[in-house]
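Input: a single structure, listed below in structure tokens.
Number of protein chains: 2
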Amino acid sequence: MTAARDWEPAYARRAEGMKASEIRELLKLLEQPGIISFAGGIPDPALFPAQAASTAYAEALASEGDAATALQYSVSEGYGPLREWIAHDMASRGVQASPENIIITAGSQQALDFLGKLLLTPGDTALVTAPTYLGALQAFSAYEPRYDTIRPDQTNRTPDSYSQAAQKAATGARVKLAYAVPDFANPTGETLSRSARTTLLDLAGNLDIPVIEDTAYHALRFEGPHIAALQAIDVALCGAVDKSRVVYLGTFSKTVAPGLRIGWICASRALVRRLVLIKQASDLNVSVINQRVMHQLVSDGRHAELIARARAHYRPKRDAMLAALKAHMPSGVNWTKPEGGFFIWLKLPTGVSGASLLKRAIDEAKVAFVPGAAFFHDGSGENSIRLSYSLPNTSEITTGVRRLTSLLR
Amino acid sequence: MTAARDWEPAYARRAEGMKASEIRELLKLLEQPGIISFAGGIPDPALFPAQAASTAYAEALASEGDAATALQYSVSEGYGPLREWIAHDMASRGVQASPENIIITAGSQQALDFLGKLLLTPGDTALVTAPTYLGALQAFSAYEPRYDTIRPDQTNRTPDSYSQAAQKAATGARVKLAYAVPDFANPTGETLSRSARTTLLDLAGNLDIPVIEDTAYHALRFEGPHIAALQAIDVALCGAVDKSRVVYLGTFSKTVAPGLRIGWICASRALVRRLVLIKQASDLNVSVINQRVMHQLVSDGRHAELIARARAHYRPKRDAMLAALKAHMPSGVNWTKPEGGFFIWLKLPTGVSGASLLKRAIDEAKVAFVPGAAFFHDGSGENSIRLSYSLPNTSEITTGVRRLTSLLR
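Each protein sequence line maps, in turn, to chains X and W. The numbering of the first sequence is this note's numbering, which starts it at 1 and goes up by one. The numbering of the second sequence is this note's numbering, which starts it at 1 and goes up by one.
Here it is, written out as structure tokens:
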């Protein structure tokens, strides 16, 4: 019997940069009995509007005419009424937008893939924070960029130093984009201050590059003053979203449900027209029935209600995790105090590895989390971990943190 | 007031190869009153199982436990029971497969994008028929390939001539894949004979390249003997799908409904594992609720019933179009006689352009179709057009063809 076909020689060069996601592999752990999981940025299904969704699916298929469009192919830019709703809602985020500034995507993950595809030639530089959202690194890496690190809170590099580093990497290579999660970032839970946002926009202006603003957790603020979106700040300066360098990524995955796979991009209509071509070539359109259902679930003030419920639901979970960390964590461990979102970021004592702690945590403490190194483009961050409080209840959070701290004593 | 931001300098090199789809633009014409459309490979919504879908959505959300998984994130490879059903169904297509050979995609369009991403380094050659499915050219072109033409029905090139042409194109460039739609092809409606399939597999064997088999219309055979799938022929020779060079693309878009955006790839599990990484980085997973609903709609023999209904529905439409063409079309025009699927391909008299005929057809005859040139990678095919009979009823087909022929007299 001959062996299975060896596919490796068939792959494109870019396949070298494609890695398995530790987060996605960890999702499988959620099914093990007895594990308390602080892994995965997963919303609590207790919040899913299941009854409303059921009604909306029934309505979308109620008449023959409805079903004929809900189950058919459709335009790549997305369902008109949903694009209108989002354009209108962007005003509450400080951005005056029209439906032509909006394209519907299969979650923000697809938006990241499309922007990598549109902006990155192999060898070009993407500026990211370190740590940053792992899924952004995965999406961009398919387009073979080089990464460089931005620190909007403590600028220590000149625009020229970024340009020069990019040019050294490959002939004709340039800095092509900056990516940031300004509010309650994945993985740190930290929020960029107003001045850090201005610093980031100034840097992007000096380099004349787009800024990709990922707002996945933006709506989930538990306390503290709202800080304007990067796109809102930029539009206030340049006068219109069509003139802005900021590409705003929104999603319903954290406030409604991720299972419908619906997010959006708000940007200059010139850019949106290009992204529509990419959507056509990539998967034609987002499921129309899901877009119609999402429109039902969020319109007439219902998104605001879902957001209010989610804030009230996640805040005590964050409080429980911060309280348990304060009560039980030995000295030498530091952690962030997020004002919203799903995540707390821990720096372990020097020499303690997040990856080896995870092995012990699963075996000895029945607790899961994500080792920090996964979120760094440069392989650093070995002695950090990400804890998510979104899924377990407060009593599990308290128990899980106590079990975890016992490994560090 | 300053102008809108110029985004052109920001784009990657690959953006040069991205073009708008004439087909997708033509979808907008469907909404004009009075137009009889032979454009778009769109299934007839009269066949959509709307009532069954409505029941299935309600069931997927019936209990709290069901809703908690149906509306949540999930694994990138797809919903287990659907992968099992497909693996089992592949046996009826002549391929013994296990669920590990299957990944669920957002329609076959996403499968094409993923395979371009995994296999094509810029400058590599993709072998395609001329004409071929426009969406495949759009998907592959994002990865900057060179194209070369295969003619499985009339081999006139040696494997060496393909290799040499590929090597001339760029340093290190190789022939990396062959793509074909063997049954009732989009756009010609033609089917590859058994011997043409063997010829294609021999060529691929000599070049040692993967063959991407797009079976979008495969189930819709109205008459004539079944011809084994490329993957079935190859597996019979090599012994197992894990040893096969054929990558089988299936979809429910033509037999159930395109609005759920569900297709699949059946291939060697080594390849599937790579594709799962690409799915993770591209959009995480296909909407779980849609996968559950699709599983309900096709299992327990229901897919076979839907296929039988679709065949009975489309056959008289094809008959009506062929009869009208025979009755009214002036000499000098030739067309294919498909045994299934959605399409008939017309060769216009020399000097008559499909694109300029379309303008006249819309204005003077209120008929739409797709000019043939869109389906050629090399810009040829100017004097051909594609007619689809899937959407209009038989009386509209007869009227539409009569109106069209009046322009050619």
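Glycine residues also receive a C-beta, built at the ideal position from the N, C-alpha and C atoms.
For VAL235 (chain X), the enclosing alpha helix (DSSP H) stretches over residues 230-238. Sequence-distant Cβ neighbours of ALA52 (chain X) in its own chain, meaning closer than 7 Å and more than five residues away, are LEU297. Under the Cβ criterion of 8 Å, VAL288 (chain W) is counted among the residues facing chain X. Per DSSP, the continuous alpha helix (DSSP H) segment holding ASP283 (chain X) begins and ends at 269-283. Going by DSSP, LYS347 (chain X) is part of the beta strand (DSSP E) stretching over 343-347. Under DSSP, the beta-bridge partners assigned to TRP335 (chain W) are W:LEU346. VAL246 (chain W): member of the beta strand (DSSP E) spanning 246-251, first to last residue. Looking at X:ALA368, X:GLY381, X:GLY372, the one whose alpha-carbon comes closest to that of GLU396 (chain X) is X:ALA368. Membership of TYR314 (chain W) in any beta strand (DSSP E) is not indicated; the residue belongs instead to the alpha helix (DSSP H) covering 302-328.
A contact between stretches requires three or more CB pairs, one per stretch, nearer than 8 Å, and the stretch 398-406 of chain X meets this requirement with the stretch 29-46 of chain X. Per the coordinates, the alpha-carbon of LYS254 (chain W) lies some 11 Å from the alpha-carbon of TYR314 (chain W). Unbroken alpha helix (DSSP H) stretches of 4 residues or longer found wholly inside the stretch 30-91 of chain W: 50-60, 64-70, 80-90, given in chain order. Under the Cβ criterion of 8 Å, GLN110 (chain W) is counted among the residues facing chain X. Close CB contacts of ALA142 (chain W) within its chain, under the 6 Å cut and outside five residues either way in sequence, are with ARG14 (chain order).
By the rule that beta-carbons nearer than 8 Å mark a contact, LEU201 (chain X) does not touch chain W. In the DSSP assignment, SER356 (chain X) falls within the unbroken alpha helix (DSSP H) covering 354-360. Fewer than three beta-carbon pairs drawn from the stretch 339-348 of chain X and the stretch 96-110 of chain X are found closer than 8 Å, and the two stretches are therefore not classed as touching.
Residues of chain X with a Cβ closer than 8 Å to the Cβ of ILE278 (chain W) are, in chain order, MET18, ALA142. Here GLY94 (chain W) carries a coil assignment [DSSP, helix/strand/coil]. Listed in chain order, the non-local C-beta contacts of HIS218 (chain W) below 6 Å within the same chain comprise ASP183, local neighbours out to five positions each way being set aside. Non-local beta-carbon contacts of TRP85 (chain X) in its own chain, meaning distances under 8 Å to residues more than five positions away in sequence, involve HIS295, VAL298, SER299 in chain order. Distance from VAL247 (chain X) to ILE265 (chain X) at the Cβ level is roughly 6 Å; contact confirmed, criterion being Cβ atoms closer than 8 Å. ALA126 (chain X) is a Cβ neighbour of LEU120 (chain X), given a cutoff of 8 Å.
A contact is defined here as three or more CB-CB pairs under 8 Å, and the stretch 272-285 of chain W meets this definition with respect to the stretch 64-81 of chain W. According to the DSSP assignment, TYR179 (chain X) belongs to the beta strand (DSSP E) that extends over 175-180. Of the residues X:PHE48, X:SER63, X:ALA91, X:GLY78, the one whose Cα lies closest to the Cα of VAL241 (chain X) is X:ALA91. Annotation: Cβ neighbours of ILE42 (chain X) in chain W (cutoff 8 Å, chain order): GLN72, TYR73.
Boundaries around GLY263 (chain W) are those of the beta strand (DSSP E), 263-266, since no alpha helix (DSSP H) includes it.
ALA139 (chain W): member of the alpha helix (DSSP H) spanning 134-141, first to last residue.
In this structure, the beta-carbon distance from PRO131 (chain W) to PRO187 (chain W) falls below 8 Å. By the criterion of a C-beta distance shorter than 7 Å, GLN291 (chain X) is surrounded in its chain by GLY78, TYR79, LEU82, ILE104, ILE262, once the five residues flanking it on both sides are discounted. Under a criterion of Cβ atoms nearer than 8 Å, no residue of chain W is adjacent to TYR179 (chain X); the nearest Cβ is some 14 Å distant.
The residues THR394, in chain order, have a CB closer than 6 Å to that of PRO316 (chain W) in the same chain once the five nearest residues on each side in sequence are set aside. In terms of Cβ geometry, TRP7 (chain X) and GLY189 (chain X) do not form a close pair [threshold 8 Å].
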